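Visitor: Sharing a structure below in structure tokens format, with a few things to ask.
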Ligand code: F6R
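Structure follows, in structure tokens:
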């Protein structure tokens, strides 16, 4: 049932404040503002020396974002890889390490093969899955559930932000267990998580603005997405979302990589979506934007009020989100990224919920 929505994808985008809140509730003590991880884990966070994350597509971008969190908050080195590469690479893994698998369906063939490889290599396995009865859930030592509910649209939206909510909670819990976060830091981070559903609801208010502006994007034949830090994997996700439902060619890049190649593509016909909350690397991203502007590129800036003021340059469009702690920007900035892809596809007239050539669950490699 799509409710009042034209497509499942729209319904699922709008459900995010609620399902993210649901997912967080299984890890967060709302009163004490602390994280509670599952007890009796078969491993001790303090003894881990490395974490391996494997997944495909959108779930792999959730894994890439989680790498920034585990490394920053738990001081745990993370290797993240797409499962189809990881499974055949014969990566050496130290006995007793932890491997995390992220999957909405829990049935993705490559992710399942990566899980089996890690088990053979003596890893503890933890699955972040949305379908609790799935093969990946059944075969993993620990199951962490995302409570997104059934996701019908082929393009993943709410499952992705719920994966982020679960992984952020795990990273903070790991930091707490490893003693790399103080009680005060933990409380600040958890407070930020608790605020996230409200911030996502605010982000949904940008919908009309995004919808009217999508007409411009629908005319493009190529779109570049740029970001730094956790906004870099989010730029990969933005590009994937746009290409899979609108069939417009799009690429995501780390903003710092611009001058190492993709800048050659930029001209007046090329929209460049810049994902840049006002943070410690904002100024670096601004200098990349200036390089784009100098070559006539048309900038769509997604930022907050401070970022909009500090960027002080002409953009085709600036979308202004509330200010928020760095931890939660990937969850909240997902909303305009998804809406942009959605409305562009609706204008073009593609089959948004069932894009050509795609299947919801990829059970063959
Ligand atoms: C993109 C998308 C795919 C999936 C990928 C993994 O919108 O939906 O990239 O994320 O096929 O699927 P799961 O999470 O079921 O393992």
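Numbering (full-length UniProt numbering), first residue to last: 244 to 608.
Beta carbons are placed, not taken as given, at the ideal position from N, Cα and C, and that holds for glycine.
Here the structure is a predicted model, which means the values were calculated and not measured.
1. Please report the distance separating the alpha-carbon of residue 486 from that of residue 603.
2. Run the CB neighbour count on residue 366, radius 10 Å, all protein chains shown included, and call it buried at 16 or more, exposed below.
3. By the 10 Å Cβ neighbour count, where 16 or more other Cβ atoms means buried, how is residue 346 classified, buried or exposed?
4. Can you have a look at residue 414 and say buried or exposed, based on whether 16 or more other CB atoms are within 10 angstroms of its CB?
5. How many angstroms separate the CA atom of residue 492 from the CA atom of residue 383?
6. Going by DSSP in three states, residue 511 sits in which element: helix, strand or coil?
7. Could you check whether the Cβ of residue 605 sits closer than 7 angstroms to any heavy atom belonging to the ligand F6R?
8. Please confirm if the stretch 442–457 is in contact with the stretch 469–485, defined as three or more CB-CB distances below 8 angstroms between the two stretches.
9. Using alpha carbons as the reference points, say which of 323, 256, 397 and 308 lies closest to residue 595.
10. May I ask whether a heavy atom of the ligand F6R can be found less than 7 angstroms away from the beta carbon of residue 361?
11. As an exercise, report each continuous beta strand (DSSP E) stretch of at least 3 residues that is fully enclosed by the stretch 365–452, in chain order.
12. Using DSSP bridges, identify the partner residues of residue 465.
13. May I have the straight-line CA-CA distance separating residue 517 from residue 550, to the nearest angstrom?
14. Does the stretch 264–280 come close enough to the stretch 320–337 that 3 or more CB-CB pairs lie under 8 angstroms?
15. Three-state secondary structure (DSSP) at residue 530?
16. Closest to residue 314 by C-alpha separation, out of 416, 336 and 467, would be which residue?
17. Does any heavy atom of the ligand F6R sit closer than 7 angstroms to the C-beta of residue 487?
18. Go ahead and label residue 564 buried or exposed: buried means 16 or more other beta carbons lie within 10 angstroms of its beta carbon, across all protein chains shown.
19. Would you say the beta carbon of residue 364 is closer than 7 angstroms to some non-hydrogen atom of the ligand F6R?
20. Can you tell which of 432, 322, 296 and 361 has the C-alpha that lies nearest to the C-alpha of residue 406?
Guide: Walking through what the data contain:
1. 16 angstroms
2. buried
3. Its Cβ being crowded by 16 or more others within 10 Å, residue 346 is buried.
4. buried
5. Near 36 angstroms, if we compare the C-alpha coordinates of residue 383 and residue 492.
6. coil
7. yes
8. no
9. From the listed residues 323, 256, 397 and 308, the smallest Cα separation to residue 595 is found for 397.
10. At a threshold of 7 angstroms, residue 361 does not count as near the ligand F6R, since its beta carbon sits no closer than that to any of the ligand's heavy atoms.
11. 367–372 and 385–388
12. 492
13. 11 angstroms
14. No, they do not touch.
15. helix
16. 416
17. yes
18. buried
19. no
20. 296
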